[in-house]
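J.:
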Amino acid sequence: MMIALVDVNNFYASCEKMFNPALKNKPVVVLSNNDGCVIARSDEARTLGIKMGTPAFTISQLVDDHNVQVFSSNYTLYGSMSNRVITILKSFVESVETYSIDEAFLNLDGLKYKDLFLLGIEIREKIMSHTGLPVSIGIAPTKALAKMANRFAKKNRKEIGVHAATEQQNIDALLKVTDVNDIWGIGPQYQKLLHNNGFNTAADFVNAPEEWVRVNMTVVAQRLLHELKGIQAVKWEDVPPPRKNICTSRSFGTQLTSYTELKQPVAAHAATCARKLRQEGSCATKVYVFIETNPFRAEDKQYHTAVTIPLTVPTNSTMEIIKFALRGLAMIYKPGYKYQKAGVMVLDIVSQTAIQLSLFDTRDRGKDQRLMKAIDDTNKYFGDNAVRYAVQSSDQKWHLRRMHLSPRYTTNIDEVMKVKAN
DNA sequence: TCTGGGGTCCTAGGACCC
DNA sequence: TCTGGGGTCCTAGGACCC
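According to the working numbering, the stretch in the first sequence is residues 1 to 422, in order.
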């Protein structure tokens with residue numbers, strides 16, 4: 001097999017730059033939810049030494065000194081740009097696996113291109129001219145090697161942006177110049193373990209005894225070893241498998257202490273989970289609720305806890321999931337703590353069509369479903385949360401901070417770019 | 001005095017990804 | 001004052017069953 005990995009460089013930061021020419025050559029950072037920490041930065045911001053994951057408040061001096069442009073994350077915009085990129089990729093290749101919002105694997109088998117490197121160049125140019133976004137492309141026989149080639153293209157072939165390692169000699173060269181911590185699937189813990197045992201480059205790792213890898217790093221890393229040897233061990237999934245869990249959680253804008261206050265975010269997260277379930281035509285068999293204090297505040301008493309509640313019949317009804325989530329909250333809530341975050345997860349998801357009715361089920365599910373559909377349709381028309389459930393108050397206390405939001409250029413007619421023509 | 005073995009299910013925690 | 005959110009997979013250990 002031959003696989004290409006295409007990803008957008010500094011995706012969120014590049015999106016912001018794309019829509020605002022004044023940002024050209026300026027340092028740009030994009031912040032996480034709640035404007036908490038840096039999750040994307042332009043090359044200029046990287047050069048200033050701003051690291052991924054850095055808390056926003058620690059870079060305020062740098063921001064002032066170098067006029068760094070700061071943005072709250074605008075997922076509506078990034079999502080729509082992502083769709084455009086995927087559409088372009090599908091114009092080249094039939095089998096595209098969308099791996100994340102900013103990257104995709106392409107199956108290059110059976111293409112009539114003689115030179116896959118040139119195909120990469122062509123793809124890159126088309127994405128640039130159609131979306132204005134810069135991408136890097138790595139081409140190799142397995143996903144792990146394509147990842148590695150991609151990283152090489154980004155770091156060492158910046159002007160070209162494409163690297164192909166399709167022959168064994170190119171692969172060997174690539175392995176030699178890649179440190180183990182730059183291998184897809186090797187994180188900080190495994191990096192430490194490998195370094196301590198004398199494995200420093202990917203070439204060292206490839207020659208590690210397989211049994212040692214399996215015992216010390218589980219079968220996951222053993223599969224990785226195969227991938228680097230050119231043997232496919234990570235499945236090709238151009239149709240995404242159904243999700244097993246859905247999680248909705250947020251940190252609060254301010255800390256909450258009372259049970260009454262906590263009910264609001266928990267109910268809202270429960271409602272979001274239910275909506276996501278309905279969107280993909282599935283139901284959950286368990287509801288999991290958690291609340292936690294802020295672990296960074298050493299001076300505060302810490303408490304984090306969770307509970308799983310099994311449901312007698314799998315459901316995607318907002319009212320039911322709110323009911324069980326609140327029941328869970330009542331079980332785990334303890335007064336006297338400053339809570340910083342709450343979340344709801346729906347677990348063991350099954351397809352809506354495959355639900356067995358329980359003998360003990362007394363709920364009128366047909367009625368529930370009709371109500372849910374009416375609410376979903378209304379919200380689709382008027383915008384999310386036009387219709388809410390009683391417990392989801394409009395009190396903003398727990399809501400996000402988003403001080404630096406850019407317009408929804410591509411998805412909201414009131415916010416599209418205006419060009420003055422006179 | 002001798003105190004099984006095999007299987008499943010569940011949970012918590014750890015590792016990783018973007 | 002201010003430290004994201006959403007996932008997956010694997011393993012170990014406990015509970016429980018026969």
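From the three backbone atoms N, C-alpha and C, an ideal C-beta is built for every residue, glycine too.
Keep in mind the model is a prediction, meaning the values are calculated, not measured.
For residue 15, tell me which candidate among 32, 42 and 256 has the shortest Cα-Cα distance.
T.: Of 32, 42 and 256, the residue nearest in Cα terms is 42.
J.: Relative to the C-alpha of residue 182, which candidate in 51, 201, 172 and 263 has its C-alpha closest?
T.: The shortest Cα separation from residue 182 among 51, 201, 172 and 263 belongs to 201.
J.: Would residue 231 be called buried (16 or more neighbouring beta carbons within 10 Å of its own) or exposed?
T.: Exposed: under 16 other Cβ atoms inside 10 Å.
J.: Looking only at C-alpha atoms, which of 287, 92 and 121 sits nearest to residue 107?
T.: For residue 107, the nearest C-alpha among the options comes from 92.
J.: Which runs of the alpha helix (DSSP H), 4 residues or longer, sit entirely within the region 261-340?
T.: Runs of the alpha helix (DSSP H) inside the region 261-340: 318-332.
J.: Under 7 Å, do residue 255 and residue 338 count as touching if we go by C-beta distance?
T.: Yes, Cβ-Cβ distance for residue 255 and residue 338 is below 7 Å.
J.: Residue range of the beta strand (DSSP E) that residue 419 falls in?
T.: Run containing residue 419: none; DSSP gives neither H nor E here.
J.: Contact check, residue 39 vs residue 30 under 8 Å by CB: the rounded distance?
T.: With a Cβ gap of about 6 Å, residue 39 and residue 30 count as contacting.
J.: I'd like the list of long-range same chain contacts for residue 399, defined as Cβ closer than 7 Å, with 5 residues on each side in sequence excluded.
T.: If we look at residue 399 and ignore the five residues flanking it on each side, its Cβ neighbours are 253.
J.: What span of residues does the beta strand (DSSP E) with residue 131 cover, start to end?
T.: No beta strand (DSSP E) contains residue 131, which is instead part of the alpha helix (DSSP H) from 116-131.
J.: Starting from residue 69 and walking both ways along the beta strand (DSSP E), at which residues does that stretch end?
T.: 69-72 is the extent of the beta strand (DSSP E) around residue 69.
J.: Would you mind reading off the limits of the beta strand (DSSP E) that contains residue 102?
T.: Premise fails: residue 102 is in no beta strand (DSSP E) and is neither H nor E.
J.: Between the alpha carbons of residue 221 and residue 142, how many angstroms are there, rounded?
T.: Between residue 221 and residue 142, the C-alpha separation is close to 15 Å.
J.: Kindly indicate which residue of 237, 413, 409 and 419 has the alpha-carbon position closest to the one of residue 17.
T.: Of the listed residues, the one whose Cα sits closest to residue 17 is 409.
J.: Return the CA-CA distance between residue 67 and residue 26, expressed in angstroms with no decimal places.
T.: Going from the Cα of residue 67 to the Cα of residue 26 covers about 8 Å.
J.: Where does residue 21 land, buried or exposed, given buried means 16+ other C-beta within 10 angstroms?
T.: So residue 21 ends up on the exposed side.
J.: What are the start and end residues of the alpha helix (DSSP H) that includes residue 226?
T.: Counting along the chain, the alpha helix (DSSP H) containing residue 226 begins and ends at 210-228.
J.: Residue 347 and residue 303 - do their beta-carbons sit closer together than 7 Å?
T.: Cβ distance not < 7 Å, so residue 303 and residue 347 don't count as in contact.
J.: Could you spell out where the beta strand (DSSP E) holding residue 40 opens and where it closes?
T.: Run containing residue 40: 38-41, per the beta strand (DSSP E) assignment.
J.: Roughly how many angstroms separate the alpha carbons of residue 332 and residue 59, rounded to a whole number?
T.: C-alpha separation (whole angstroms): 37 Å.
J.: Taking the Cβ atom as the reference point for each residue, do residue 194 and residue 206 lie within a distance shorter than 7 Å?
T.: Not in contact: residue 194 and residue 206 (Cβ atoms no closer than 7 Å).
J.: Going by DSSP, name the residue or residues bridged to residue 404.
T.: Partner(s): none; residue 404 has no beta bridge.
J.: Quick check: the Cα distance between residue 414 and residue 163, rounded to an integer number of angstroms?
T.: C-alpha separation (whole angstroms): 41 Å.
J.: Please classify residue 103 as buried or exposed, where buried requires at least 16 other C-beta atoms within 10 Å of its C-beta.
T.: It counts as buried.
J.: I need the straight-line Cα distance from residue 47 to residue 82, nearest angstrom please.
T.: Taking the straight line joining both Cα atoms gives about 26 Å.
J.: Contact between the region 305-316 and the region 268-288: three or more CB pairs below 8 Å?
T.: With a cut-off of 8 Å, the region 268-288 and the region 305-316 count as touching, because enough Cβ pairs lie within range.
J.: Quick one, are the C-beta atoms of residue 72 and residue 404 less than 7 Å apart?
T.: Yes.
J.: Could you compute how far the alpha carbon of residue 145 sits from the alpha carbon of residue 228?
T.: Rounded to whole angstroms, residue 145 to residue 228 spans 6 Å at the Cα level.
J.: Can you tell me the Cβ-Cβ gap for residue 116 and residue 2, rounded? I've got them flagged as a contact below 8 Å.
T.: So it is a contact: roughly 6 Å between Cβ atoms.
J.: Considering Cα atoms alone, identify which of 336, 344, 95 and 334 is closest to residue 324.
T.: Ranking 336, 344, 95 and 334 by Cα distance to residue 324 puts 344 first.
J.: What span of residues does the alpha helix (DSSP H) with residue 80 cover, start to end?
T.: Its alpha helix (DSSP H) spans residues 75-92.
J.: Hey, residue 149 and residue 138: beta-carbon distance below 7 Å or not?
T.: Yes, the Cβ-Cβ distance between residue 149 and residue 138 is below 7 Å.
J.: Once DSSP output is grouped into helix, strand and coil, what is the label at residue 46?
T.: In the structure shown, residue 46 sits in a helix (DSSP, three-state: H, G or I).
J.: Suppose you measure from the CA of residue 375 to the CA of residue 55; what does that come to, to the nearest Å?
T.: Distance between the alpha carbons of residue 375 and residue 55: 38 Å.
J.: So the alpha helix (DSSP H) residue 7 belongs to, where does it begin and stop?
T.: From DSSP, residue 7 is part of no alpha helix (DSSP H) but of the beta strand (DSSP E) over 3-8.
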